[in-house]
Each structure stands twice: as structure tokens, then as C-alpha cells.
Ligand SMILES: Nc1ncnc2c1ncn2[C@@H]1O[C@H](COP(=O)(O)OP(=O)(O)OP(=O)(O)O)[C@@H](O)[C@H]1O
Ligand SMILES: [Mg+2]
């Protein structure tokens, strides 16, 4: 696989002026991205996660050329984003979940017509892409409505279509499912999976929803304080942080705590309902089979840990010096804060 995105020792330092008192201002620097290096191959779909303020959006802005790095080297499709932003624009699509690129007061279709012109998309290709995106994203009834009248989920689908009208090779998604309900999230995920499988579009996905990653990305990168903390498969991240999933079991009647065998253990009992924690990296199947065979089972469900918990666990385990073990991923050592 050829490297499509190359990030090599990239830094981003922001100068910020802080008011520290009456007529007193202090200039400080925020190191939003700190010696960051990674590559993404063509056609890969990679999750890019980390706590608030970790530097995710800053990275994406540098990869689009909106922000210029303070140091290091960046290439997307062989192009230096900051130096050739316009040329790069034809190769990339961007969706910022918190903002829209659509014209607020215009009908949705007018935004698309404007992009048709702006990107100089050949007419036949524009028409074919529009048809396909309208169908896949369910936009047919929305095209004549002003964007400001759309619901959040509708607008997000509209934004995703806008980012793809010019057939970009890479799509950056910065929290595309934020604030969406379960059904809308599922629609967006289905679409992205199909886009990646059929067109081979390279996708870099930032999200605070672990299920987005679980359902879409084989590989996940975790960033904290601007530094890469982990790069590898999601299962490895679970192992690194020793995070747990919870099996919620409804029995026919109230019973003493279930003996499911290590490593599963009952963490809560409420009448006929019991909660069993087990390592997130393990399969639930043997546990479920055992409980079903030995207990009067009515119903059960598995609860996933949320992304914040998984990341916090992993960062804590790295900080403890226990390391992340041999997970197949590449847990990075804790950053040296002495220089900060
Ligand atoms: N234009 C700016 N000027 C000054 N500081 C900035 C600027 N943009 C970002 N920062 C700072 O850089 C750091 C990284 O911000 P960034 O938006 O990249 O985080 P993030 O990982 O996207 O977080 P979130 O999950 O909250 O979206 C933060 O400390 C933020 O305050
Ligand atoms: Mg962000």
C-alpha cells in the first residue's frame, strides 16, 4: 500500500495572548501538535481519537492546508497542503461536524450547484455523482429546502454529499456523527463503509463515539497533548487499557451472583438483573453460552465502554509504566512533559 498521507515530525504551536490582570497581557504558546508522525495508506479507513483539546482538529486543519504547521513535513497525495491548498482541494473532501460548508439560506441543491462551479467538476460527472449521493444519502426530498430548515442529521448527510461531489481520493471527517440519533448515525456509517469499499476512498475519521470506530475502522490512532499515544487495531487499544465490557443478564428470578468463571465477575445485582464485567478484548460468546446453559436466562445485552473510558484507561496504563503489552499495536511511551 502506498502512503497517501504522510505526517513526519509535525508541530503546531499557537501564540495566545492571555489577560492576566488590568492592562496586563501575557503571551504564551500552546503546543497543539507535538512531533507527530504517521502515515495512512491509500484506501485505508483510520480512526483518529483522543480527549478534548488533544490536537485532532488541528491535525485535520493542517492536512487540508487551512493551518500551516510550525515544523515537520506533511504530504497528502504527494502535495504539501499549506503550499498548494487549491491543488489539494481537488483531491480531498472535508466534513466538520460542528460547522457546515453549505450556504445556510439557500436550498441544498444550490450549494451543490455552487460547488459544481467552484471545483469545475465536468457536467456529466457532477450529474452522476449527485444522483448517486442523493440516492445513497436519502437526500431527494431535501434538495429544495433551505439548509437552515434541515435537521442536524439531514444537514450532516447534506454536508457529506457536498464533500464528495468532486470525487476526492481522501475524506477527512471531524466528528460527523456528533449529536445524531441512532438511526442517523447508522445511515452515515453504512454510507461511509460503502464509499470506502466501492470507491477505495481513504478516510480519516475523528469521533468521540467508539461505535463509529468499531464499525468502520480496523486501525485507530490515539493522540493526547498533540502526541501519538497508540497506533494499531482497536482490540489492542482495549487490551492496552484493560477496559471492560459489561454483560447485562436478565434471569427468570432473583438468584445469588452468577458464577461465570474468571475473568468475568458480577459487579452489580438488582432483583433478577445482574451485571457482569469482562475484558473488552475477549469475546462474549463463551460467557453467554455458559450462562445460558446453567442459568434460567430471559434476556441479555452487552454494553460497550465509551471512548473516553477506553482512552483514559489506556493513557493511565501507559502512565503507570505498565506499558500496553504485546497488543499488535504500537503504544507510545508517555510524553516527556519536562520540556512543556
Ligand atoms: N486557533 C487557535 N488558537 C489558539 N489555540 C488553539 C487554536 N486552535 C486550537 N487551539 C488549541 O490547541 C489545542 C488542540 O485543539 P484541537 O481543536 O485540535 O483539539 P481536538 O483534539 O480537536 O479537541 P476536541 O475533541 O475538543 O474537538 C487546544 O488546547 C486548543 O485550545
Ligand atoms: Mg476537534
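Residue numbers (our numbering): -2 to 337.
Just so it is clear, CB atoms sit at the ideal spot from N, CA and C, and this is done for glycine as well.
Find the nearest neighbour of residue i within the set the options, judged by alpha-carbon distance.
i, options, result
"residue 199", "23, 88 and 207", "88"
"residue 2", "50, 9, 24 and 59", "59"
"residue 293", "92, 255 and 229", "255"
"residue 38", "14, 147 and 75", "75"
"residue 253", "148, 314 and 266", "266"
"residue 102", "72, 141 and 81", "141"
"residue 77", "177, 4, 284 and 306", "4"
"residue 41", "208, 196 and 177", "196"
"residue 7", "85, 43 and 79", "79"
"residue 104", "22, 53, 246 and 147", "147"
"residue 172", "-1, 27, 44 and 86", "44"
"residue 304", "206, 176, 246 and 50", "206"
"residue 51", "204, 21 and 91", "204"
How long is the line joining the alpha carbons of residue i and residue j, rounded to whole angstroms?
i, j, result
"residue 159", "residue 135", "14 Å"
"residue 272", "residue 287", "15 Å"
"residue 192", "residue 19", "55 Å"
"residue 95", "residue 155", "14 Å"
"residue 332", "residue 110", "Unreliable placement is indicated for residue 332, whose pLDDT of 45 sits below 50; no coordinate value is reported for it."
"residue 123", "residue 67", "37 Å"
"residue 139", "residue 296", "40 Å"
"residue 15", "residue 9", "19 Å"
"residue 11", "residue 263", "48 Å"
"residue 325", "residue 130", "Here residue 325 scores only 45 on pLDDT, less than 50, and its place in the model should not be relied on; the value that follows carries that caveat. Spanning the two alpha carbons is a distance of roughly 37 Å."
"residue 57", "residue 170", "9 Å"
"residue 121", "residue 208", "37 Å"
"residue 93", "residue 202", "11 Å"
"residue 107", "residue 128", "15 Å"
"residue 323", "residue 137", "Because residue 323 carries a pLDDT of 37, less than 50, the predicted location of this residue cannot be relied on, and the following value inherits that uncertainty. Roughly 49 Å between the two C-alpha positions."
"residue 248", "residue 27", "53 Å"
"residue 313", "residue 306", "10 Å"
"residue 185", "residue 217", "19 Å"
With a threshold of 8 Å on Cβ separation, who are the neighbours of residue i within its own chain once the five nearest residues in sequence on each side are excluded?
i, result
"residue 152", "97, 99 and 144"
"residue 260", "275, 276 and 279"
"residue 211", "231 and 301"
"residue 281", "242, 244, 275 and 299"
Using only the heavy atoms of ligand 1, determine whether one of them is closer than 7 Å to the beta carbon of residue i.
i, result
"residue 182", "no"
"residue 17", "no"
"residue 35", "no"
"residue 49", "yes"
"residue 275", "no"
"residue 11", "yes"
"residue 7", "no"
"residue 91", "no"
"residue 43", "no"
"residue 27", "yes"
For residue i, which residues from the same chain have a beta carbon less than 7 Å from its beta carbon, with the 5 sequence-adjacent residues on both sides left out?
i, result
"residue 308", "46, 47, 48 and 219"
"residue 25", "13 and 15"
"residue 55", "9, 29, 30 and 64"
"residue 189", "200 and 213"
"residue 69", "5, 6, 7 and 8"
For residue i, I'd like the list of residues in its chain whose CB is within less than 6 Å of its CB, leaving aside the five on either flank, ordered along the chain.
i, result
"residue 182", "174"
"residue 353", "The structure shown does not extend to residue 353, since the chain is modelled only from -2 to 337, so the question has no answer here."
"residue 250", "269"
"residue 176", "149"
Under 7 Å from any heavy atom of ligand 2, does the C-beta of residue i make it?
i, result
"residue 171", "yes"
"residue 280", "no"
"residue 54", "yes"
May I ask you to verify whether the segment 19 to 34 touches the segment 223 to 237, counting CB pairs closer than 8 Å and requiring at least 3? yes
With a cut-off of 8 Å, do at least 3 Cβ pairs link the segment 163 to 177 to the segment 115 to 131? Yes, since at least three Cβ pairs between the segment 163 to 177 and the segment 115 to 131 fall closer than 8 Å, the two stretches touch.
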